[in-house]
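For reference, the structure is listed below as structure tokens.
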Amino acid sequence: MDEIKAARRNCGWSQRFLAERVGRSAQSIKRLENGVGSVETLVAVVNALDFQLTGIGPGLTLADQLRRRREKMGWSRETTGKKCGLSPTTVLQLEAGGGSISSLMKLMAKLAPKVRRRAPERAYWGAGDKADRDSRFTPPEFLETIYTVFGKPDLDPCGHKLSPVKARRRFVLEEGDDGLRDPWSGRMVFVNPPFSEQQKWLRRAHEQWEKGNVLTVVCLVPTRTDSAWFHEVLARDGDVFFLQGRLRFSDPRGKSQVTPHSVMLVLFGASSNQRDKLAASLPGRWMSTGG
-16 MDEIKAARRN CGWSQRFLAE RVGRSAQSIK RLENGVGSVE TLVAVVNALD
34 FQLTGIGPGL TLADQLRRRR EKMGWSRETT GKKCGLSPTT VLQLEAGGGS
84 ISSLMKLMAK LAPKVRRRAP ERAYWGAGDK ADRDSRFTPP EFLETIYTVF
134 GKPDLDPCGH KLSPVKARRR FVLEEGDDGL RDPWSGRMVF VNPPFSEQQK
184 WLRRAHEQWE KGNVLTVVCL VPTRTDSAWF HEVLARDGDV FFLQGRLRFS
234 DPRGKSQVTP HSVMLVLFGA SSNQRDKLAA SLPGRWMSTG G
């Protein structure tokens, strides 16, 4: 539970904000972080935080993973209950996605004692000092297209003193600013975040747009579509444009390098005219929202 609390704080979320995000009370989040509450609340929270577990086994859901793990070990629900100090009915509840966190912990201790959080994916590449590995600057010619379609940004919340982004305002961490903490404002915001913190910045962009602090947000990020948050929130509220080919980003030393992965544009609040102009200006394709 300490890791879940740390993950929430790393997202810059309060207990109340997380509670609103998952449709629970702030008190239920507080209880959860103290190891008390329902498995349903726990599952909602780990999905919202993109908190992925490893060491259990395959399965689309935690409940499915637990059932498959038990079956792989050749245990009946009765045997599992005896080993874990639980009733067969409680084991059945847990395998259906219900039950309490305390019961889940007892089950996991015997069924998957090596379960742990999957390490967040790192997305830096190339050589350089560790502090600079996430400092990759958007190609100026690409930025010119963004300016033509959306206008120059009012804010660059991921600012860097060497960044070519022509924003009216920027947050620079080394100068005491923090785009994950400080409120955003303006008509248009451009976000090229540290790629190793992609989910954190996308959530922040969505939050600031949803609150009405900014009219339009344009995010340039690696193409990652596997998280629950992408499917449940971003794909619903944002427009996703998959860029064809690879971009060349430059580092603080002025050296440029092609990304080892494809990238996409995630837009919040873009008009239909802006979307049409973007598609006509850049090679790529919109993510379909059809069934």
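Residue numbers (our numbering): -16 to 274. By construction, the Cβ of each residue, glycine as well, lies at the ideal position given by its N, Cα and C atoms.
Discussion item. Quick check: the Cα distance between T128 and A31, rounded to an integer number of angstroms?
Written reply: 33 angstroms
Practice prompt. Measure the Cβ-Cβ separation of G252 and T199 and say whether it is below 9 angstroms.
Written response: yes
Worksheet item: By how many angstroms is the C-alpha of V246 removed from the C-alpha of G267?
Response: 10 angstroms
Worksheet item: Out of curiosity, what's the CA-to-CA distance linking V216 and V29?
Response: 14 angstroms
Practice prompt. Determine the contact status of H189 and D220, defining contact as a CB-CB distance below 9 angstroms.
Written response: yes
Worksheet item: Tell me the DSSP bridge mates of C202?
Response: V174, V249
Fill in: Per DSSP, the bridge partner or partners of V197
G169
Item to complete: For my contact list, V74 and L87 are in at a C-beta cut-off of 8 angstroms; report their separation, rounded to the angstrom.
Response: Actually they do not touch by this definition, with Cβ atoms about 10 angstroms apart.
Discussion item. So, for K66: in the same chain, excluding its five sequence neighbours on each side, which residues have a beta-carbon less than 6 angstroms away from its beta-carbon?
Written reply: K93
Worksheet item: In the structure shown, what three-state DSSP assignment does P71 receive?
Response: helix
Worksheet entry | Beta-bridge pairing of G267 - partner residues as DSSP gives them | L226
Discussion item. Rounded to the nearest angstrom, what separates R53 and S21 at their Cα positions?
Written reply: 21 angstroms
Worksheet item: Does the distance from the CB of F342 to the CB of V201 come in under 9 angstroms?
Response: As shown, the chain starts at -16 and ends at 274. That puts residue 342 outside it, with no answer to give.
Worksheet item: Do you know how far the Cα of S85 is from the Cα of G40?
Response: 21 angstroms
Fill in: Through-space distance from R7 to E(-14), alpha-carbon basis
20 angstroms
Worksheet item: Would T24 pass as a contact of L15 if the rule is Cβ separation under 9 angstroms?
Response: yes
Worksheet item: Closest by CA to K194, which one among R(-9), Q(-2), R4, S254?
Response: R4
Practice prompt. Can you give me the Cβ contacts of V241 inside the same chain, cut-off strictly under 6 angstroms, excluding the 5 residues immediately before and after it?
Written response: R229, R231
Worksheet entry | Exposure of N256, with buried meaning 16 or more beta-carbon neighbours within 10 Å | exposed
Discussion item. Taking a contact to mean a Cβ-Cβ separation below 9 angstroms, would you say L185 touches W212 in this structure?
Written reply: yes
Worksheet item: Roughly how many angstroms lie between the CA atoms of L203 and L248, to the nearest whole one?
Response: 5 angstroms
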